[in-house]
Each structure stands twice: as C-alpha cells, then as structure tokens.
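J.: Numbering (this note's numbering), first residue to last: 574 to 982. Note that CB positions come from ideal geometry on N, CA and C, so glycine has one too.
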Amino acid sequence: MPTAAGPRARRVIAFVNAGHFMDHLLMLVFPTAVLGMVGEAGDGFGLSYGELLPLSLGGFIAFGAGSIPAGWLGDLWSRRNMMVVFFLGMGGASVLTGFAPTPAWLAVGMTGIGLFGAIYHPVGTALLTAHARRIGREIGVNGVWGNLGIAVAALATGALTQWLGWRAAFVAPGVLCMAMGLAMPALVPDEPAVRKAGAAATAAIPRAVVVRAFAVLAVTTVFGSLVFNAAVIALPKLFDERVGALAATPLGIGALLCGVYVIGATSQLIVGRLVDRHTLRRIFIPLSLLQAPCLALAATAENWGLVAVAVAAMFAIFGQVTINDTMVARYTDQHWRARAYAIRYLVSFAASAAAVPLVAGLHERTGGFTLVFLVLAGGGAAIFLSALAFPHRPDEVAPQAAPAVAAAE
C-alpha cells in the first residue's frame with residue numbers, strides 16, 4: 574500500500590495541475606477570440622476567419638519545437654525552475670499579444686505563447702509522474718485540469734470578448750499565469766536531482782515489446798494530435814455556424830463548448846483509474862473505437878445532435894491523451910522521462926500544427942466543416958487500427974510482482 578504523499582509532493586502536483594490548466598487555456602484563447610475579430614475594420618484588422626486563423630500557426634509550431642530543449646533542461650537543470658519559466662514566460666507573452674497593434678505582432682505574440690507553453694508537457698508531466706503515488710490516476714486528474722483549461726478558454730474568452738473585447742481575453746489569463754509563476758518558487762523548494770524511483774519497473778521489459786509499444790505510440794501521437802487540435806480549433810466556428818438556434822453570441826457558444834469539454838474531460842478521470850487496474854491495451858481498443866464514427870457524424874450534425882456527437886467525440890479524444898501519457902510513463906526510465914515526453918510532444922505538436930492549415934484551408938475551400946470532419950474521422954480510424962497492434966502485458970498493472978521477463982501478445 575503506497576504511503577500518503579507528503580506536503581511537498583502535494584504542492585508540486587497542485588502547481589503541475591494548475592500549469593496544465595493555464596497551458597491549454599492560453600493556447601486556445603485565439604480560436605474563440607477570433608469570432609470577435611472577424612470582419613472588424615479597426616481592432617480586428619479587417620481580416621476573414623480563414624485569414625486570421627493561420628496567424629496562430631507559429632504558436633503551434635513553437636509548441637512542438639520547444640519541447641526538446643525544455644525536456645533536456647528539465648532533466649539536467651531543474652524541473653521546478655523550468656516550470657517557473659513556463660508560468661512567467663507564457664503569461665507575459667499572452668499579455669503582450671493582447672496589445673498587438675498589427676497582425677504581425679499578433680502572430681509573434683502567439684508564437685511566444687507557444688514557445689513558453691512548450692515547456693509544460695515534457696517537464697510538467699515528468700514532474701508529475703516523479704511525485705505520483707498512482708500514475709494512472711494522477712495523469713487522469715492532471716488531464717482533467719488541462720481539459721478544464723480548454724473549457725474555460727472557450728467560456729472565459731467568449732465572455733471577455735463579448736464584454737471587453739478580444740484583447741482582454743489575452744491579458745486577463747496572462748496576468749493570472751504570471752502570478753502563479755511568482756508564487757511557485759516561494760511554495761515549492763527546488764529539487765534539481767531526478768529521483769530514482771520507478772527505474773526497476775521499466776528495466777525488465779523486453780526490447781521488442783518496448784519497440785512495438787513506441788511504434789504504436791508514434792502512430793497514435795501523430796493522428797491523435799492532429800484530430801485533437803483540429804477538433805478544438807474547429808468547434809468554436811462549427812458551433813457558430815450550426816447551433817445558431819441554441820447560441821448566437823460568443824458567450825453562448827463558449828458556454829456550450831465549455832459544457833462539451835467538461836463532460837468530455839470526465840473520460841480522463843475514468844481512463845486514469847482504469848489503467849491502474851487493467852492493461853493499457855484493454856482500455857485503448859474500446860476507447861479508440863469511438864473516435865471515427867463520432868467525428869463522421871459531426872460532419873453533418875446540427876444543433877443538439879451536433880452537441881451530443883461533439884461530447885462523445887471529445888470523450889474519446891481526451892481519454893486517448895491519458896492513454897498516450899501512461900504509455901510513456903510505463904515504458905521509460907525515470908532518469909530520462911522528461912526527454913522521452915519531449916520527443917513524444919515534439920511529434921505531437923508538429924502534427925498539431927498541421928491542424929491549423931488543414932482547418933483553415935478546407936473551410937475556406939468548401940465553405941464549411943463537412944470535409945474537415947470526414948478527414949478527422951479517417952484519423953480516428955487509423956488510431957483504432959494502431960490500437961489493435963498494441964502489446965498486452967499483464968504485469969503492467971502490478972510491475973513489482975511481475976516476473977523478470979514479461980510475456981507479451
């Protein structure tokens with residue numbers, strides 16, 4: 574029976590969870606704020622949706638590219654200090670974006686948000702797994718915090734954009750993020766050395782099994798990240814076009830999206846608890862089966878039908894993130910886990926960046942989202958096929974009781 578987490582561990586996990594919330598919130602302010610910018614002659618630069626959306630591309634590229642140096646510095650310097658840099662840098666970049674006088678400034682500001690935001694996933698996730706008592710549960714809870722950030726981004730951005738303008742939607746959360754960065758050094762002592770706990774749990778896994786698991790992880794990371802990012806970028810505009818009978822303002826659309834994301838986020842709590850009790854493969858296959866049909870239905874659904882399939886799709890998509898993060902934790906040594914997460918997130922966010930031109934280009938070309946979601950359904954089908962190839966290791970659930978060499982299907 575694991576012992577209760579100490580006060581330091583609880584504070585570390587609290588800041589890691591808060592960081593996940595802020596990371597996703599600030600990265601997804603723009604897709605909702607852009608609804609208040611489209612067509613404005615002055616403050617919105619007079620650009621269309623298809624012209625404005627690509628301005629966020631630099632941020633998504635930086636979000637992936639920055640993960641490698643961030644993970645390396647986290648392992649070799651200090652994960653706590655890298656988290657402080659994350660809070661201060663991402664918050665400051667968001668505040669500066671809110672004062673953008675030109676589209677070029679806006680693009681540079683969002684690139685800064687992405688660059689500092691890249692620190693979180695490799696460093697924060699490694700810090701979390703180093704202090705977690707039950708990795709699956711803590712990853713699930715952490716995932717919910719990230720998805721609450723997505724939900725609040727839609728709701729708070731819609732409200733701030735409607736009442737105070739899109740600039741306030743960047744400035745207000747940016748100030749909050751910086752405040753967390755000032756608080757963390759005072760409440761969490763530095764701990765540069767990586768603890769050695771957990772190394773034995775990964776040492777006995779046969780090389781062929783690890784290679785097979787990471788091959789599946791590579792496929793699911795590419796397609797899962799593309800589907801995830803494209804969905805959260807497209808949903809605000811999709812709801813704007815197809816749920817007019819339910820919500821006609823940025824705040825109303827944001828409230829609906831918030832509900833979709835909050836309900837979808839419960840999958841990470843459920844999946845997090847399940848992967849502590851069952852093998853990853855047993856959870857992975859049925860969860861991945863949901864994505865393709867739900868995304869295909871979203872291609873043509875409207876009003877409450879669209880809301881329902883969006884909830885089901887996001888439930889599957891969010892749960893997949895917990896599966897992928899647990900794969901890395903189960904198949905890597907603690908000494909280089911931040912770098913392993915860095916590689917996983919480099920691939921992830923490179924694929925995520927492709928979502929921006931995909932959504933903007935197909936929407937502009939076809940005048941809607943039908944083809945966008947049919948393409949995403951194809952990505953969901955690829956994830957399901959890869960899940961069928963994932964190894965089954967009964968010793969995953971209780972590695973301390975496992976034999977020296979685990980059998981894998």
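Does the distance from the CB of N858 to the CB of A960 come in under 7 Å?
T.: By one-based count along the sequence shown, residue 858 stands at place 285. By one-based count along the sequence shown, residue 960 stands at place 387. In the sequence as presented, Asn is not what sits at residue 858; that position holds Ile. A contact, by the Cβ cut-off of 7 Å.
J.: For P604, which residues from the same chain have a beta carbon less than 6 Å from its beta carbon, with the 5 sequence-adjacent residues on both sides left out?
T.: Mapped onto the sequence shown, residue 604 falls at position 31. Around P604: I806, P809.
J.: Find the nearest neighbour of C831 within the set V880, P866, V800, judged by alpha-carbon distance.
T.: Along the sequence shown, read from residue 1 onward, the residue named residue 831 stands at position 258. With distances taken between Cα atoms, C831 lies closest to V880.
J.: Given a cut-off of 7 Å, decide if A865 and V882 are closer than it, judged by their beta-carbon atoms.
T.: Here residue 882 refers to the residue found at position 309 when the sequence shown is read from its first residue. Here residue 865 refers to the residue found at position 292 when the sequence shown is read from its first residue. No, the Cβ-Cβ distance between V882 and A865 is not below 7 Å.
J.: For the alpha helix (DSSP H) that W718 lies in, which residues bound it at each end?
T.: The residue you call residue 718 lines up with position 145 of the sequence shown. First-last of the alpha helix (DSSP H) with W718: 708 to 736.
J.: Could you compute how far the alpha carbon of H965 sits from the alpha carbon of G845?
T.: Residue numbering aside, residue 965 sits at position 392 when the sequence shown is read from its first letter. Residue numbering aside, residue 845 sits at position 272 when the sequence shown is read from its first letter. Roughly 18 Å between the two C-alpha positions.
J.: When you compare each of V657, P779, T852 to G967 by their alpha carbons, which one comes out closest?
T.: On the sequence shown, residue 967 is found 394 positions in, with the first residue counted as 1. According to the sequence displayed, residue 967 carries Pro and not Gly. Of V657, P779, T852, the residue nearest in Cα terms is T852.
J.: Might you give, ordered along the chain, the residues of its own chain that have their beta carbon closer than 6 Å to the beta carbon of A924, omitting 5 neighbours on each side?
T.: Within the sequence shown, the letter at position 351 stands for residue 924. Counting only Cβ-Cβ distances below 6 Å, and skipping sequence neighbours, we find V795, S798, L799.
J.: Please state the DSSP three-state secondary structure of F963.
T.: Numbered from 1 along the sequence shown, position 390 holds the residue referred to as residue 963. Three-state result, F963: coil.
J.: Where does P580 land, buried or exposed, given buried means 16+ other C-beta within 10 angstroms?
T.: Residue numbering aside, residue 580 sits at position 7 when the sequence shown is read from its first letter. It is exposed - the Cβ of P580 has fewer than 16 other Cβ atoms within 10 Å.
J.: Which first and last residues belong to the alpha helix (DSSP H) in which W645 is found?
T.: Indexing the sequence shown from 1 puts residue 645 at position 72. Looking at the DSSP string, the run of the alpha helix (DSSP H) that includes W645 is 640 to 649.
J.: Alpha helix (DSSP H) containing W909: first to last residue?
T.: In the sequence shown, counting from the first residue as 1, residue 909 sits at position 336. Run containing W909: none; DSSP gives neither H nor E here.
J.: Can you list, in chain order, the residues of its chain whose CB lies under 6 Å from that of F801, leaving out five sequence neighbours each side?
T.: Against the sequence shown, residue 801 aligns to sequence position 228. Within the same chain, F801 has close Cβ partners I890.
J.: Starting from M683, trace the alpha helix (DSSP H) in both directions and tell me its first and last residue.
T.: To locate residue 683, count along the sequence shown from 1; it is residue 110. Unbroken alpha helix (DSSP H) run through M683: 676 to 690.
J.: What three-state label does DSSP hand S983 in the structure shown?
T.: The first residue shown for the chain is 574 and the last is 982, placing residue 983 beyond what the model contains.
J.: Does the Cβ-Cβ distance between Q735 and T822 come in under 7 Å?
T.: Here residue 735 refers to the residue found at position 162 of the sequence shown. Here residue 822 refers to the residue found at position 249 of the sequence shown. Contact flag set, yes.
J.: According to DSSP, is G878 part of a helix, a strand, or is it coil?
T.: Within the sequence shown, numbered from 1, the residue matching residue 878 stands at position 305. Reduced to three states, the DSSP call for G878 is helix.
J.: Please go through the same chain and pick out, in chain order, the residues whose beta-carbon is closer than 6 Å to the beta-carbon of G609, but skip the five residues on each side of it.
T.: The residue given as residue 609 occupies position 36 in the sequence shown. These residues qualify, in order along the chain: T734, W739, P823.
J.: Taking the alpha-carbon positions, what's the W645 to A703 distance?
T.: For the purposes of this step, residue 645 is identified with residue 72 of the sequence shown, where counting begins at 1. For the purposes of this step, residue 703 is identified with residue 130 of the sequence shown, where counting begins at 1. C-alpha separation (whole angstroms): 16 Å.
J.: Give me the Cα-Cα distance between A742 and P627, rounded to the nearest whole angstrom.
T.: Taking the first residue of the sequence shown as position 1, residue 742 is located at position 169. Taking the first residue of the sequence shown as position 1, residue 627 is located at position 54. Roughly 19 Å separates the two Cα atoms.
J.: Between the Cα of D898 and those of A643, G716, F659, N720, spot the shortest distance and give me the residue it belongs to.
T.: Position 325 of the sequence shown, counting from 1, holds the residue named residue 898. With distances taken between Cα atoms, D898 lies closest to G716.
J.: Between L599 and P779, is the Cβ-Cβ spacing less than 7 Å?
T.: The sequence position of residue 599 within the sequence shown is 26, counting from 1. The sequence position of residue 779 within the sequence shown is 206, counting from 1. No.
J.: For a test of the three-state rule: what should DSSP assign to A673, helix, strand or coil?
T.: Locating residue 673 in the sequence shown gives position 100, counting from the first residue. Correct three-state label for A673: coil.
J.: Could you tell me the alpha carbon to alpha carbon distance between F633 and R785, rounded to whole angstroms?
T.: Taking the sequence shown and counting its residues from 1, the one referred to as residue 633 is at position 60. Taking the sequence shown and counting its residues from 1, the one referred to as residue 785 is at position 212. Looking at the two C-alpha atoms, the distance is approximately 28 Å.
J.: Cα-Cα, which of G662, V833, L755, H694 is closest to I641?
T.: The count along the sequence shown starts at 1 and reaches residue 641 at position 68. Selected option, being the one with the closest Cα: H694.
J.: Confirm, please, whether the CB-CB distance from F660 to G754 is below 7 Å.
T.: Residue 754 sits at position 181 when you count from the first residue of the sequence shown. Residue 660 sits at position 87 when you count from the first residue of the sequence shown. Yes.
J.: Does the Cβ of F672 have 16 or more other Cβ atoms within 10 Å, making it buried, or fewer, making it exposed?
T.: On the sequence shown, residue 672 is found 99 positions in, with the first residue counted as 1. With fewer than 16 other Cβ atoms within 10 Å, it is exposed.
J.: Compute the Euclidean distance between the alpha carbons of A954 and D763, then round it to the nearest angstrom.
T.: Numbered from 1 along the sequence shown, position 381 holds the residue referred to as residue 954. Numbered from 1 along the sequence shown, position 190 holds the residue referred to as residue 763. Going by the C-alpha atoms only, they are around 44 Å apart.
J.: Could you check if L829 belongs to the surroundings of the ligand PLP, using beta carbon to heavy atom distance under 6 Å?
T.: Looking at this structure, you won't find the ligand PLP or any other ligand, since it has none at all.
J.: Less than 7 Å between the beta carbons of G731 and G637, yes or no?
T.: The count along the sequence shown starts at 1 and reaches residue 731 at position 158. The count along the sequence shown starts at 1 and reaches residue 637 at position 64. In this structure, G637 does not lie closer than 7 Å to G731 by Cβ.
J.: Quick check on DSSP: helix, strand or coil for S629?
T.: Residue 629 sits at position 56 when you count from the first residue of the sequence shown. Here S629 sits in helix by DSSP.
J.: Is the distance from the Cβ of A886 to the Cβ of L868 below 7 Å?
T.: Position 313 of the sequence shown, counted from the first residue, corresponds to residue 886. Position 295 of the sequence shown, counted from the first residue, corresponds to residue 868. Yes; because the gap between Cβ atoms is below 7 Å, this pair is in contact.
J.: Give me, in chain order, the residues of the same chain whose beta-carbon lies closer than 8 Å to that of H593; leave out the 5 immediate sequence neighbours on both sides.
T.: Position 20 of the sequence shown holds residue 593. Once the five neighbours on either side are set aside, the close Cβ partners of H593 are Y693, G697, N715, G716, W718, G719, G722.
J.: In the DSSP assignment, find the unbroken alpha helix (DSSP H) run with M595 in it and report its ends.
T.: As a first step, residue 595 is located in the sequence shown; it is residue number 22 there, counting from the start. Here the alpha helix (DSSP H) through M595 covers 580 to 600.
J.: Are I856 and L863 closer than 7 Å when you measure CB to CB?
T.: The residue you call residue 856 lines up with position 283 of the sequence shown. The residue you call residue 863 lines up with position 290 of the sequence shown. Cβ atoms of I856 and L863: not closer than 7 Å.
J.: What distance in whole Å lies between the Cβ atoms of L700 and M751, which are believed to be in contact at a cut-off of 8 Å?
T.: Taking the first residue of the sequence shown as 1, we reach residue 751 at position 178. Taking the first residue of the sequence shown as 1, we reach residue 700 at position 127. With 8 Å as the limit, M751 and L700 do not qualify as a contact, their Cβ atoms being about 20 Å apart.
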